[in-house]
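Protein chains in written order, with the UniProt record's numbering: chain A, 1 to 60; chain B, 1 to 406; chain C, 1 to 359.
From the three backbone atoms N, C-alpha and C, an ideal C-beta is built for every residue, glycine too.
Input: a single structure, listed below in structure tokens.
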Amino acid sequence: MKVTFNGVRREAAHVAELLPGRFFCGIGVCFGCVAEINGVPEVRACRHQLRDGDEIRTQP
Amino acid sequence: MRIVVVGAGPAGMAAARTAADAGAEVTMVDAEPDAGGQFLRGRAKFSHAGVTHLRNTEVWLVEGQSLHLRAPEPRLAAGAAPRLLPFDALVIATGAYDRPLPFPGWDGPGVITAGAAQALAKQGVTLAERVIVAGTGPFLLPVATALQDLGATLVGVYEASSPTRWLRERKAILANRHKIAELVGYRKVLTHLETRTAVIAKHGSRVTVAKLDRRWNPVSHRTEHADLVCIGYGFLPRTDLVPSAKRTNDFLDVDERQQTSVENVYAAGEVTGIGGADLAEAEGVIAGAAAAQQEPPREALEAVREGRLFAQALARAHAVQPGWKTWLNAGTTVCRCEKVTLEDLAEATSMRELKLTSRVAMGRCQGRICARNASELTGIPFDGQRRVIAVPIPLGELADLPEEQS
Amino acid sequence: MHPDVVVVGAGIIGAACAQALVARGLDVVVVDRCGPASGTSSAGEGNVLVSDKEPGPELELAVASRELWPSLAEDCEWEEKGGLVVATTADAAEPLRAFAAKQRAAGIDACELTAAEALAHEPHLNPEITAAVHYLQDAQLNPVKATRALLRGIKVINAGVSTTDGRSVTTSTGVISCGAVVNATGPWARHFGVNVLPRRGVVLVTTPIPGRIRHKVYDADYVGAVASGDADLQTSGVVESTQAGTVLIGSSRQRGGFDDTIESKVLKALARKAIALFPMLTDVPVMRAYGGFRPYAPDHLPIIGEDPRTPGLWHATGHEGAGVGLAPATGRLLAELLTGAAPHVDPHPFRVDRPEVMV
């Protein structure tokens with residue numbers, strides 16, 4: 001999937017590849033992977049099915 | 001009669017089917033796009049007359065006889081999903097999640113839970129070449145198998161407990177021979193299995209692997225190289241929706257009809273104790289029948305009785321031992337959200353005091369990952385996890401809540 | 001063990017009393033059924049406010065406390081952040097200005113701001129405000145750390161107290177005889193004979209958004225909600241951030257015993273009022289809500305003094321939502337009265353012998 005991650009073009013099969021150290025429980029419990037996805041803030045990225053054109057921005 | 005089932009894993013699906021067959025109007029609410037839960041992720045094709053399946057929907061509050069619902073990603077939500085769902089009886093089948101134990105480096109890249117690895121594998125994804133699976137309990141084996149099947153190099157499967165503990169559990173084993181047979185399916189990874197062994201530190205790809213004594217104190221160690229360590233030291237239940245229900249060791253207490261201490265609220269599956277999918281399904285059947293005010297089928301009651309023997313044996317054989325607390329050093333992270341380290345854990349007499357002085361368990365996960373560990377590290381009694389708001393909800397959505405309950 | 005004084009209750013008021021008594025050379029033991037700051041003290045925002053009090057005895061106590069806090073609040077996240085009170089309707093503007101003028105006359109640093117000046121202080125504030133007053137003295141601390149700081153070096157016994165005759169207390173772990181007893185049990189003080197009722201409050205906590213909200217910002221209608229005696233739900237917009245970057249949103253007031261259920265209608269009202277003050281909060285998630293019980297005295301004044309019916313039994317309670325702000329002066333006043341020293345504020349308005357208080 002071709003996505004934009006923190007403003008940079010990236011190729012990734014799964015959102016976990018973009019979030020090392022943040023992706024942790026993988027099932028929406030730990031909130032480590034929260035990110036802004038396509039303009040929606042505070043999405044638990046682990047539960048997001050990556051699509052071409054997604055824009056992902058990590059939060060502080 | 002309106003019955004709402006929360007969770008669409010083996011327990012939830014069984015409860016929904018049973019209740020619908022008994023004539024109830026059933027709604028099954030689940031946060032995932034497909035039924036199946038973590039166990040059957042994506043492999044369950046659920047469709048049953050009398051059951052409405054609300055996908056991509058989270059319950060954030062149970063108030064009286066109504067559930068408050070929300071869509072975590074609005075564009076995925078079913079068009080006209082209700083925001084308030086009234087019920088006459090409620091079945092909690094929300095499952096459990098891996099308990100991680102902290103060690104130096106566990107909060108860095110290359111460490112995820114075994115459940116996360118399993119979820120990724122079910123989507124055909126591995127994150128690394130060389131992987132380690134570490135923790136305790138039989139669940140490590142399917143995770144290791146799934147990773148290996150996807151082509152990962154299994155550096156090791158480390159079980160912190162000793163299998164000889166199972167020799168004391170003859171009764172449980174005899175009643176659950178099929179469970180033992182399942183092990184055969186994992187024979188490919190059994191050659192990588194080392195018992196009384198754990199990962200106690202990770203720095204980059206250098207992983208410190210220790211041999212443990214009976215209490216999980218390290219007695220010797222060596223270095224292995226791995227890019228990914230998947231950890232799981234048992235499971236913690238997702239009990240948020242019924243903060244006032246009685247619990248033991250945080251698992252919901254239920255009677256023989258799967259009813260919790262709260263009237264009209266039933267619970268089934270891993271949220272009542274860890275025993276695997278068969279037990280979860282049998283509990284779901286009983287909960288669904290009881291919620292619909294029918295007599296639970298005898299076979300299900302029998303399956304639960306036998307399954308619980310196994311569940312109790314499992315809890316004994318794979319109980320977390322206190323030696324893990326020596327794996328940390330002063331600067332090791334305990335709470336990932338708020339970056340609270342072991343040395344930050346101030347002296348306190350209650351969990352509330354500990355949280356408010358150290359900020360442990362005060363971040364986004366609200367202690368789901370760290371509260372239990374922080375309690376054991378400080379010796380402060382674990383007060384159970386009682387949260388009013390089960391998942392974070394934007395203020396704008398709160399401001400826009402429906403006026404009156406139906 | 002025969003201490004001079006047993007303080008019942010290890011909240012911020014009990015801790016302040018114990019600290020002040022120890023500072024005067026008395027031997028003090030604190031008894032609490034759940035440990036330090038386990039009740040009301042940890043269920044608030046840790047505010048030290050002068051802005052919400054009209055001139056009178058409570059403001060006097062607040063000002064005295066505000067002067068004492070900086071020397072006591074060591075390692076307590078003490079922050080002199082200042083308060084910003086805003087009017088959100090045309091009708092509310094003039095009463096806010098008049099209220100601030102009265103406070104200025106009483107020596108409070110209440111500075112009227114234009115809307116533009118208010119926005120310079122709080123860039124995310126709703127520009128539609130009709131009046132704003134900046135209170136430089138308003139401050140905040142971590143109430144649990146503050147309670148612990150006050151209790152440093154003082155013995156705290158974990159036990160419940162069933163009865164007292166002013167010369168001894170009967171606890172769940174035995175009887176302690178003593179010279180005097182201080183009832184600092186907050187909303188539970190009625191058990192020891194004063195008319196204090198629990199007044200429920202709920203606070204929402206958001207995920208961290210560091211640096212976005214700088215002051216304690218609240219709607220001027222808050223003062224009216226505090227002063228009201230109505231049992232029904234009252235809410236007012238009160239917004240501020242903590243040092244961790246989370247935003248605390250209050251406030252609600254409800255009377256109905258010790259029922260700790262959190263209702264969605266309260267969450268909704270709080271969210272609406274917070275967004276009215278800071279529209280950007282719309283997208284910020286609430287990750288937690290917690291509730292507590294304020295110790296409410298029907299005439300809205302703290303109760304500080306000896307019980308004329310039970311010599312040796314002293315009360316220090318009824319501070320409603322202002323206990324953290326009023327604690328140091330309360331402790332000091334109680335210690336002065338108990339040791340026969342000259343009181344630093346007029347104790348008469350706080351006496352136990354008030355018709356609304358004696359039950």
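Terminal residues of the alpha helix (DSSP H) in which Val5(B) lies: That residue, Val5(B), is in no alpha helix (DSSP H); its beta strand (DSSP E) goes 2-6.
field: Pro95(C) in three-state terms, based on DSSP
entry: helix
query: Are Gly26(A) and Leu120(B) closer than 8 Å when you measure CB to CB?
result: yes
message: Against Ala13(A), what residues of chain B qualify as contacts under a CB-to-CB distance less than 9 Å, listed in chain order?
response: Gln123, Gly124, Val125
message: For Ala117(B) and Ala81(B), what's the separation of their Cα atoms in angstroms?
response: 31 Å
- request: Closer than 7 Å by beta-carbon distance: list the chain A residues that pair up with Thr207(C), in chain order.
  value: Glu42
field: Minimum C-alpha distance to residue 482(B) - residue among Pro33(B), Gly37(B), His48(B)
entry: A question about residue 482(B) goes unanswered here, because the residues of chain B that appear run from 1 up to 406.
- prompt: What number of angstroms, rounded off, separates the C-alpha of Trp28(C) from the C-alpha of Pro3(C)?
  reply: One detail in the question is off: residue 28(C) reads as Val in this sequence, not Trp. One C-alpha to the other measures close to 6 Å.
- prompt: Can you list, in chain order, the residues of the stretch 44-74 of chain B whose Cβ is nearer than 7 Å to any Cβ on chain C?
  reply: Leu61, Glu63, His68
message: Can you tell me whether Ile180(B) is buried or exposed? The criterion is at least 16 other CB atoms within 10 Å of its CB, across all chains shown.
response: exposed
- prompt: Which stretch, first to last residue, makes up the beta strand (DSSP E) that contains Val28(C)?
  reply: 28-32
task: Go ahead and pull the three-state DSSP assignment for Thr282(C).
output: helix
- prompt: Thinking C-alpha only, which one of Arg368(B), Trp324(B), Lys325(B) is nearest Arg336(B)?
  reply: Arg368(B)
query: Can you tell me whether DSSP reads residue 361(C) as helix, strand or coil?
result: Since the displayed chain C opens at 1 and closes at 359, residue 361(C) lies outside it and no answer follows.
query: If you draw a straight line from the C-alpha of Thr223(B) to the C-alpha of Thr332(B), how long is it?
result: 19 Å
message: To the nearest angstrom, how far is the alpha carbon of Asn142(C) from that of Gly151(B)?
response: 52 Å
Cβ pair Pro10(B), Ala313(B) closer than 8 Å: no
- prompt: Excluding five sequence neighbours on each side, which residues of the same chain lie with their C-beta closer than 7 Å to the C-beta of Glu112(C)?
  reply: Arg97, Ala100, Val133
task: Identify each residue in the stretch 280-309 of chain C for which the Cβ-Cβ distance to at least one residue of chain A is less than 9 Å, and report them in chain order.
output: Asp283, Val284, Pro285, Met287
- request: Would you identify the three-state DSSP class for His191(C), choosing helix, strand or coil?
  value: helix
- prompt: For Arg3(A), does the count of other Cβ atoms within 10 angstroms reach 16, so buried, or fall short, so exposed?
  reply: Correcting the residue identity first, residue 3(A) is Val in this sequence and not Arg. Val3(A) is buried by the Cβ-count criterion.
message: Could you compute how far the alpha carbon of Ala14(B) sits from the alpha carbon of Glu55(A)?
response: 38 Å
query: Going straight from the alpha carbon of Leu328(B) to that of Leu342(B), what length do you get?
result: 7 Å
message: With a threshold of 8 Å between beta carbons, is Thr113(B) in contact with chain A?
response: yes
message: With a threshold of 7 Å on Cβ separation, who are the neighbours of Tyr222(C) within its own chain once the five nearest residues in sequence on each side are excluded?
response: Asp52, Ser236, Val238, Ser251
- request: Would you be able to state if there are at least three C-beta pairs under 8 Å between the stretch 260-270 of chain C and the stretch 60-70 of chain B?
  value: yes
task: Would you identify the three-state DSSP class for Val184(B), choosing helix, strand or coil?
output: helix
field: Short CB-CB distance (under 8 Å) between Ile108(C) and chain B
entry: no
- prompt: Distance, Cα to Cα, Val360(B) vs Lys102(C)?
  reply: 43 Å
query: Residues of chain B with CB under 7 Å from Lys145(C), in chain order?
result: Thr357
field: Close Cβ partners of Gly245(C) (< 8 Å) along its chain, the five nearest in sequence each way excluded
entry: Pro208, Ile209, Pro210, Gly211
- prompt: DSSP on Ser406(B), reduced to helix/strand/coil?
  reply: No answer about Ser406(B) holds up, because its pLDDT of 39 lies below 50 and its placement is not dependable.
Proximal residues to Gly363(B) (C-beta, below 7 Å), its chain only, five neighbours per side dropped: Cys335, Cys337, Glu338
field: Beta-carbon contacts of Ala201(B) that lie in its chain and below 8 Å, excluding the five residues immediately before and after
entry: Phe103, Pro104, Gly105, Val207, Thr208, Trp327
query: Does any residue of chain B bring its CB to less than 8 Å from the CB of Asn142(C)?
result: yes
message: The beta strand (DSSP E) that contains residue 360(C), what's its start and end?
response: Outside the displayed range of chain C (1 to 359) lies residue 360(C), so it cannot be described from this structure.
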